[in-house]
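Residue numbers (this note's numbering), protein chains in the order written: chain C, -6 to 164; chain D, -6 to 164.
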DNA sequence: TATTGTTATACTCTATAACTATA
DNA sequence: TATAGTTATAGAGTATAACAATA
């Protein structure tokens, strides 16, 4: 397991400790044998995602946008008049899920939907002025968030890390 | 975006195509500008987790155990009489979630729970004979699953990948 | 008063199925 | 007959809160 802490999931319900031994009583087994897990990529990917979510909450959370909504704002900003289905495809998100995401962004005044006149099945998405301002904030926070997650990876190795993770994803 | 496919999330509802152009009509925007996302670690971690889940389903799915249950069987096998709270801590899972996991494993005959006589608050977990057989199967499947996920990463680089991902996790 | 385990409940995220309007 | 979008619904996974038993 090397030097990586694997606890940290312990509940912190009773914070009204008396200053004495408030730590859970782990004496029964301090050293857990993790078997395959330390070499199991899925185990670490899951924990990495939890760490990413935590960092996201800390760095982007005040914008009250879920990760997929933040990504949607970014992509709509870069791809004016993108349709919901193309956006969903780009984000790896289902059609019906996209509806809820876009409706929320619309209700908050960040995007506008309009039908494509030539083919009224398509719902085209654009940022409003307020949405554009939000996009600026989103970009700034996402960059800080990304920098935070990668803070322990030397800059020279980050490309390599991304490339390797992308290699896990490819079909 | 290099050569990595980012679509694939398209729904496949109407498979009764006529053999002609059954592909969704993406002509409106073939080339999406992904902005920050290609360099955004969280974006790739999320997609990696989806890939891991897919591979898990294919390689371990027939055991009808969720990932956390498979991991629990492994750890109980390697740590006889581990308590629920220590196991939960090791897996990064909440106390109350552990109850449901252990109850399911108990109902399937894979584990036994018994109270520690010296401190009856503790519920100690051990594998049954059937649980031990399951653990053998779990180990075999997890190894194949892991090998599959890492199949495009040269063996010499896998340690490096794991180390870097672990560096994302550390507090 | 603290800790382990339990129960009931609720929340997040996402997908499936059935539907509409459009083509 | 197929596609984009919509709605209603359901499921997985997980956590929070209140509680019981034990210390």
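Glycine included, C-beta positions come from ideal geometry on N, C-alpha and C. No experiment lies behind these values; they were computed from the predicted model shown.
DSSP state of residue i, grouped into three classes?
| i | result |
| --- | --- |
| residue 155(C) | helix |
| residue 30(C) | helix |
| residue 58(D) | coil |
| residue 164(D) | coil |
| residue 14(D) | The predicted position of residue 14(D) is uncertain, since its pLDDT is 34 and thus under 50; a value taken from the coordinates is nonetheless stated next. Coil at residue 14(D), not helix or strand. |
Using a 10 Å radius around the Cβ and a threshold of 16 neighbouring Cβ atoms, would you call residue i buried or exposed?
| i | result |
| --- | --- |
| residue 20(C) | Annotation note: pLDDT 49 at residue 20(C) (below 50); position unreliable, coordinate value reported separately. Exposed, by the Cβ-count rule. |
| residue 93(C) | exposed |
| residue 112(C) | exposed |
| residue 163(C) | exposed |
| residue 134(C) | buried |
| residue 39(D) | buried |
| residue 110(D) | exposed |
| residue 139(C) | buried |
| residue 18(C) | Because the pLDDT at residue 18(C) is just 49, under 50, the model does not fix this residue reliably, and the value given afterwards should be weighed accordingly. Label assigned to residue 18(C): exposed. |
| residue 48(D) | buried |
| residue 144(D) | exposed |
| residue 76(D) | buried |
| residue 124(C) | buried |
| residue 62(D) | buried |
| residue 148(D) | exposed |
| residue 28(C) | buried |
| residue 14(D) | Here the model assigns residue 14(D) a pLDDT of 34, short of 50, so the residue's position is not dependable and the matter cannot be decided. |
| residue 108(D) | exposed |
Using 8 Å for Cβ pairs, my map puts residue i next to residue j. What's the rounded Cβ distance?
| i | j | result |
| --- | --- | --- |
| residue 165(D) | residue 159(C) | The question about residue 165(D) has no answer, for chain D in this structure spans -6 to 164. |
| residue 91(C) | residue 146(D) | At roughly 32 Å, the Cβ-Cβ gap does not stay under 8 Å, so residue 91(C) and residue 146(D) are not in contact. |
| residue 106(D) | residue 116(D) | 5 Å |
| residue 74(D) | residue 119(D) | 6 Å |
| residue 161(C) | residue 41(D) | 5 Å |
| residue 43(D) | residue 85(C) | 7 Å |
| residue 142(C) | residue 45(C) | 6 Å |
Kindly examine the ligand MG and report whether one of its heavy atoms sits closer than 7 Å to the Cβ of residue i.
| i | result |
| --- | --- |
| residue 115(C) | This structure lacks the ligand MG; in fact it carries no ligand of any kind. |
Examine the Cβ distances between the region 75 to 93 of chain C and the region 46 to 58 of chain C and report whether three or more of them are shorter than 8 Å. no
Runs of 3 residues minimum, wholly inside the region 79 to 116 of chain D: which ones carry the beta strand (DSSP E) assignment? 104 to 109
At what residue ranges does the region 123 to 153 of chain D contain a whole run of the beta strand (DSSP E), taking only runs of 3 or more? none
Indicate whether the contact test is met: 3 or more Cβ pairs, each with one atom in the region 60 to 75 of chain C and one in the region 124 to 134 of chain C, closer than 8 Å. yes
Evaluate contact between the region 24 to 44 of chain C and the region 145 to 161 of chain D, counting only Cβ atoms and requiring at least three cross-stretch pairs below 8 Å. yes
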